[in-house]
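Asker: Chains as they are written, first to last, in this note's numbering: chain A, 16 to 690; chain B, 129 to 317. There's a structure below that I have some questions on.
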Amino acid sequence: MLYVFLKKVMLLLLLLPGLSLIVPARCPADQTQDLTTFSIEELMDIKVISVSKKSQRLSDSAAAIFVITREDIRRSGVTSIPDALRMAPGVNVARIDANKWAINCRGFNSRFSPSLQVLVDGRSVYTPSFSGVYWEVTNVLLEDVDRIEVIRGPGATIWGSNAVNGVINIITRKANDTQGGFLQTSAGTVEKNMVAARYGGAMGEDKFWRIYAKHRARDEFDRLSGENASDDWQINQAGFRMDAQLSAADDVIVQGDIYDGHIHQDLYLYSRTSPYMDEFPVKTNVSGSNVMGRWTKVLSGTSEMSAKMYYDAMHRSEDMLNEDRYNVDVEFQHRFGMGFGNDVIWGLRLRHSHDDYSGSKATFMDPESTNNLLYSAFIQDEISFPGDQVKLTFGSKFEHNDYTGFEIQPSTRLLWKPGERHRLWAAISRATRIPSRVEADAIIYFNGTSTAGSPYPTYTRFLNNKDQTAETLWAWEAGYRFIPQQNLSIDLALFFNDYKDLRIYSIQNSAYIDHVNQMVIQDVALSNMANVQSWGAEISVDLATGSHAKWTLAYSFIFHDYYNDDDFELDFGFTKHQVSLRGRFDLTKNLTLDAWFRYVGKTKANYVFFESLTYDIDDYATLDLRLGWRIRPDLEFFLTGQNLLQDSHLEFVQEAFSYPVEVPRSAYAGLTYKF
Amino acid sequence: MHKTIRTVLFAGVCQFLLCMIAPKTTLPQNLEEYRVKAAFVYNFTKLIQWPEAAFDSDQENFNIAVFGNEQLKESFGTIDGKISTGRVISIRYPNPESKDLKKTLADSQIVFISRHTSLEHVLQILKNTVDRPVLTIGEIKSFSRAGGIIQFFTRDDHLHFEVNIQNAQAHHLKFSSRLLKLAVIVNEK
Chain A
16 MLYVFLKKVM
26 LLLLLLPGLS
36 LIVPARCPAD
46 QTQDLTTFSI
56 EELMDIKVIS
66 VSKKSQRLSD
76 SAAAIFVITR
86 EDIRRSGVTS
96 IPDALRMAPG
106 VNVARIDANK
116 WAINCRGFNS
126 RFSPSLQVLV
136 DGRSVYTPSF
146 SGVYWEVTNV
156 LLEDVDRIEV
166 IRGPGATIWG
176 SNAVNGVINI
186 ITRKANDTQG
196 GFLQTSAGTV
206 EKNMVAARYG
216 GAMGEDKFWR
226 IYAKHRARDE
236 FDRLSGENAS
246 DDWQINQAGF
256 RMDAQLSAAD
266 DVIVQGDIYD
276 GHIHQDLYLY
286 SRTSPYMDEF
296 PVKTNVSGSN
306 VMGRWTKVLS
316 GTSEMSAKMY
326 YDAMHRSEDM
336 LNEDRYNVDV
346 EFQHRFGMGF
356 GNDVIWGLRL
366 RHSHDDYSGS
376 KATFMDPEST
386 NNLLYSAFIQ
396 DEISFPGDQV
406 KLTFGSKFEH
416 NDYTGFEIQP
426 STRLLWKPGE
436 RHRLWAAISR
446 ATRIPSRVEA
456 DAIIYFNGTS
466 TAGSPYPTYT
476 RFLNNKDQTA
486 ETLWAWEAGY
496 RFIPQQNLSI
506 DLALFFNDYK
516 DLRIYSIQNS
526 AYIDHVNQMV
536 IQDVALSNMA
546 NVQSWGAEIS
556 VDLATGSHAK
566 WTLAYSFIFH
576 DYYNDDDFEL
586 DFGFTKHQVS
596 LRGRFDLTKN
606 LTLDAWFRYV
616 GKTKANYVFF
626 ESLTYDIDDY
636 ATLDLRLGWR
646 IRPDLEFFLT
656 GQNLLQDSHL
666 EFVQEAFSYP
676 VEVPRSAYAG
686 LTYKF
Chain B
129 MHKTIRTVLF
139 AGVCQFLLCM
149 IAPKTTLPQN
159 LEEYRVKAAF
169 VYNFTKLIQW
179 PEAAFDSDQE
189 NFNIAVFGNE
199 QLKESFGTID
209 GKISTGRVIS
219 IRYPNPESKD
229 LKKTLADSQI
239 VFISRHTSLE
249 HVLQILKNTV
259 DRPVLTIGEI
269 KSFSRAGGII
279 QFFTRDDHLH
289 FEVNIQNAQA
299 HHLKFSSRLL
309 KLAVIVNEK
């Protein structure tokens, strides 16, 4: 195994310098170039920076926002979006096994975290099945990510239902910025092998395109008990993007992706024969495709409108839940300045979703296939007061869904700039979470045992509730950003979340005998009966010590209070303390070192196979290291070690169907070549 | 070993072919905003036609008045003294509160007002250039609504500009079709 790996690396090392002999290195653009020799068309193609611009875009928003840049992703050595999200404060990321993650903002974490909105270039990727995200198929070519914007707290006014605890915006670069070729390959212990390629070109002066493809295979982890978890998987993905400027005022983007993969796992499911629970090795086939078009028309320097439409299909055959889903989403937005500092934005959205769950083994949907329609409108006004020191934003979303009808999700945000270096903001917002398809229509068999004094087995099952109200959150937030000097910035966010009518499962009065099917049934049913209050703070600090060392610290803590009518204890998904400290060091001109320390405090996870229904997960601290060596301007070698501080550690468990699996120490090495 | 050499050669040929079709232009990236804006202004002097009355003589300089902070001086210094359409570009940085403001503006063919200028001063400068053959360039929102002609704005880190055609006509300025093709046209009065 190691030999094969070494041979691969050897071949690559031989191969790539061979290429470099042939390809002349591209000379870097001269920063002191005389721009008067440039035509106006060329000037419009130049990317400009202004000293305050980047920090301004961040610090002028009245929300708890954190941006993960392409450079952050590259330098940290992360290989997936979930791992990248660990950089952000207030985001709980936990790996369940080789192919599953639990991710949420500000608590309530689980594999099926239902309160996070995730968008890839504006395309919503959460599945209405359980309102969560299949992170393992949420893939992009990391090299082509421009940035990931992580917004903690509700963003429902703009993004709609489900943007309760946070919004994650994954934004890829324009095709204009990804011209030329990119080749990357790596191999390692957990990151078994990876090959990615992209090529971007131009058609005329105003049309740019790129195509990419990547393959990634990951090795299996071990269970806490030491046995093999058999959770290796691989996925292939390809896609394209085209950015065309039809005129000075019209931009069109067309993009699409297609993926196909298979994921192994051992599922622990109910069975019809004694002992009524059994382990099934399952190969999940996942595939999907999407295509999106977006047209933006600039009406003036202060107004523009855009129309967006996408089609998204996904298939998943996972035994316990088979899902085919087809979404069509149409969106329109218009922004205009109204005088007296008013900047109004309004929009309309229509989403149609068709699903089919036939063939599922542990989850039974009724109806098995359905169509859902979601339509909404929103309007928001941003008022800049004279002197540009105070900005007030208020607006609301009005959304209609098939489960709970109309939902109104307003928010008010205030930003105050007492000086160049200080920003203060406060916000009050309401967000709702509508029931998922599983919560509304499914019966899930998750446990089977023999019954004392009866020949029939007892099956425990989750029972849906068609008569639910939406969960609501009123969030009170405030923040302070302080940029004392060019090389130091501090960002503090405080929040108080008041959740009402959270849906929880509770055991129904007594089991009953189903004579036809010869079984005893214990139902666990869903109802809107829990209320939770949570509060906490997140702080992030960016510091540059000299021009060769940069530090980013992210710390968050959260407390919560859980109560419900029945005094029923079911309390999970909160991690009180969490720290991430990254150091980026430029050792020499061509040698970079990155270190990333993380501490995640004790966490309780929901686990139906325990009497208490909760699994206590220990705190852990770990470290990633990455060494990058730029052999030539166009060729980089990298070596990354992940989770280095211990052989393996437990981060989370899935609610049901599987055993606890640990995340092992790992390493991978590879090469990046650009041409 | 033979196999390796063959692979290297094959990859090399692929490389070479790819290079043939790769775009050749290398534009500088991430330049300081006002250096690029200054270069825009330089281009405007070529792509916009001023009426003859705008200049006292054929030898007169292209006078550009720039309002803003210190940072702009360095950037606009890069076009100061350059020659465009046979005239020497001369940049001045008047104080919007000075008594000579009116006279300075009367001598200028282009006025650039950065976002660092207070709204009150912007309006005052625009008031003093009404109906005269002066190209007013600004950055603040609703600059063109306030009577300005060209307004810069940024989208996706790239510079764009809006042209208020009615204001341009009122100032007797003729924009080339090439320039108009690149602009976002507004007609607000």
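All C-beta atoms, glycine included, are put in the ideal place defined by N, C-alpha and C.
Could you work out which residues of chain A lie near Asn-171(B), taking near to mean beta carbons separated by less than 9 Å?
Answerer: Thr-51, Phe-53, Ser-54, Ile-55, Leu-58
Asker: If you draw a straight line from the C-alpha of Lys-515(A) to the C-alpha of Arg-243(B), how long is it?
Answerer: Those two C-alpha atoms are separated by around 46 Å.
Asker: Could you run through the stretch 185–197 of chain A and flag, in chain order, every residue whose CB is less than 8 Å away from some CB of chain B?
Answerer: Lys-189, Gln-194, Gly-195, Gly-196
Asker: Can you pull the chain B neighbours of Val-313(A), defined as C-beta to C-beta under 9 Å?
Answerer: Neighbours of Val-313(A) in chain B, taken as residues at a C-beta separation under 9 Å, are given in chain order as Phe-281, Arg-283, His-288, Glu-290, Val-312.
Asker: How should Ala-244(A) be labelled, buried or exposed, when 16 other C-beta atoms within 10 angstroms of its C-beta is the threshold for buried?
Answerer: The residue in question, Ala-244(A), is buried, as its Cβ has 16 or more Cβ neighbours within 10 Å.
Asker: Can you pull the chain A neighbours of Leu-301(B), defined as C-beta to C-beta under 8 Å?
Answerer: Chain-order list of chain A residues neighbouring Leu-301(B): empty, with the shortest C-beta distance near 16 Å, by a criterion of under 8 Å.
Asker: Hey, which unbroken runs of the beta strand (DSSP E) at 3 residues or more fall wholly within the stretch 483–520 of chain A?
Answerer: 486–500
Asker: Report yes or no: do the stretch 562–576 of chain A and the stretch 535–553 of chain A share at least 3 C-beta pairs separated by less than 8 Å?
Answerer: yes
Asker: Of all the options Asn-251(A), Asp-246(A), Gln-657(A), which has the alpha carbon lying nearest to the alpha carbon of Phe-295(A)?
Answerer: Asp-246(A)
Asker: So Gly-170(A) and Cys-120(A) are in contact, right, with Cβ under 8 Å, and what is the actual spacing, rounded?
Answerer: Going by Cβ atoms, the distance from Gly-170(A) to Cys-120(A) rounds to 10 Å, so no, they are not a contact pair.
Asker: Exposed or buried, what is Met-218(A) when buried is set at 16 or more other beta-carbons lying within 10 Å of its beta-carbon?
Answerer: exposed
Asker: Please report the distance separating the alpha-carbon of Asp-136(A) from that of Asn-387(A).
Answerer: 23 Å
Asker: Please check if any C-beta of chain A sits within less than 8 Å of the C-beta of Ile-192(B).
Answerer: no
Asker: Can you find a C-beta in chain B that's less than 8 Å from the C-beta of Thr-317(A)?
Answerer: Chain B has a Cβ within less than 8 Å of the Cβ of Thr-317(A).
Asker: Using DSSP with H/G/I as helix, E/B as strand and the rest coil, what is Trp-178(B)?
Answerer: Under the three-state reduction of DSSP, Trp-178(B) is assigned to coil, being neither helix nor strand.
Asker: What three-state label does DSSP hand Val-258(B) in the structure shown?
Answerer: In the structure shown, Val-258(B) adopts coil according to DSSP, grouped into three states.
Asker: Report the residues of the stretch 261–287 of chain A with a CB closer than 9 Å to any CB of chain B, ordered along the chain.
Answerer: The residues in question are Ser-262, Ala-263, Ala-264, Asp-266.
Asker: Are the C-beta of Gly-354(A) and some C-beta of chain B separated by less than 8 Å?
Answerer: yes
Asker: Spell out the partners DSSP gives Glu-343(B) in its beta bridges.
Answerer: Residue 343(B) lies beyond the stretch modelled for chain B, which goes from 129 to 317, so this question has no answer here.
Asker: So, do the stretch 303–315 of chain A and the stretch 282–289 of chain A have three or more beta carbon pairs nearer to each other than 8 Å?
Answerer: Too few Cβ pairs lie closer than 8 Å, so no.
Asker: Within the 8 Å Cβ cut-off, does Ser-270(B) reach chain A?
Answerer: yes
Asker: Is the stretch 220–236 of chain A touching the stretch 255–265 of chain A in the sense that three or more CB pairs, one from each, lie closer than 8 Å?
Answerer: yes
Asker: In chain A, what lies closer than 8 Å to Ala-167(B) by C-beta?
Answerer: Leu-50, Thr-51, Phe-53, Leu-58
Asker: Among Asp-506(A), Arg-518(A), Val-152(A), which one has its Cα closest to the Cα of Ser-555(A)?
Answerer: With distances taken between Cα atoms, Ser-555(A) lies closest to Asp-506(A).
Asker: Look at the alpha carbon of Ile-458(A) and the alpha carbon of Tyr-372(A), and state the distance between them as a whole number of angstroms.
Answerer: Straight-line Cα distance between these residues: approximately 12 Å.
Asker: Taking only the alpha-carbon atoms, compute the straight-line gap between Val-194(B) and Pro-224(B) and give it to the nearest angstrom.
Answerer: Taking the straight line from one Cα to the other gives about 10 Å.
Asker: Can you name the residues of chain A whose CB is closer than 8 Å to the CB of Thr-206(B)?
Answerer: Under the 8 Å cutoff, chain A gives Asp-49, Leu-50, Thr-51.
Asker: Where Val-82(A) and His-367(A) are concerned, what is the direct C-alpha to C-alpha distance, given to the nearest angstrom?
Answerer: 31 Å
Asker: 8 Å is my cut-off, CB to CB: does Leu-254(B) come that close to chain A?
Answerer: no
Asker: Any beta-carbon of chain A closer than 8 Å to the one on Lys-210(B)?
Answerer: So yes, Lys-210(B) belongs to the interface.
Asker: In the structure shown, what three-state DSSP assignment does Val-333(B) receive?
Answerer: Beyond the ends of chain B as shown, which are 129 and 317, falls residue 333(B); an answer cannot be given.
Asker: Lys-309(B) versus chain A: which residues are under 8 Å apart at the beta carbon?
Answerer: Residues of chain A passing the Cβ test: Ser-262, Ala-263.
Asker: Would you call the stretch 126–144 of chain A in contact with the stretch 529–542 of chain A, where contact means no fewer than 3 C-beta pairs closer than 8 Å?
Answerer: no
Asker: Is there a C-beta anywhere in chain A that falls below 8 Å from the one on Leu-200(B)?
Answerer: no
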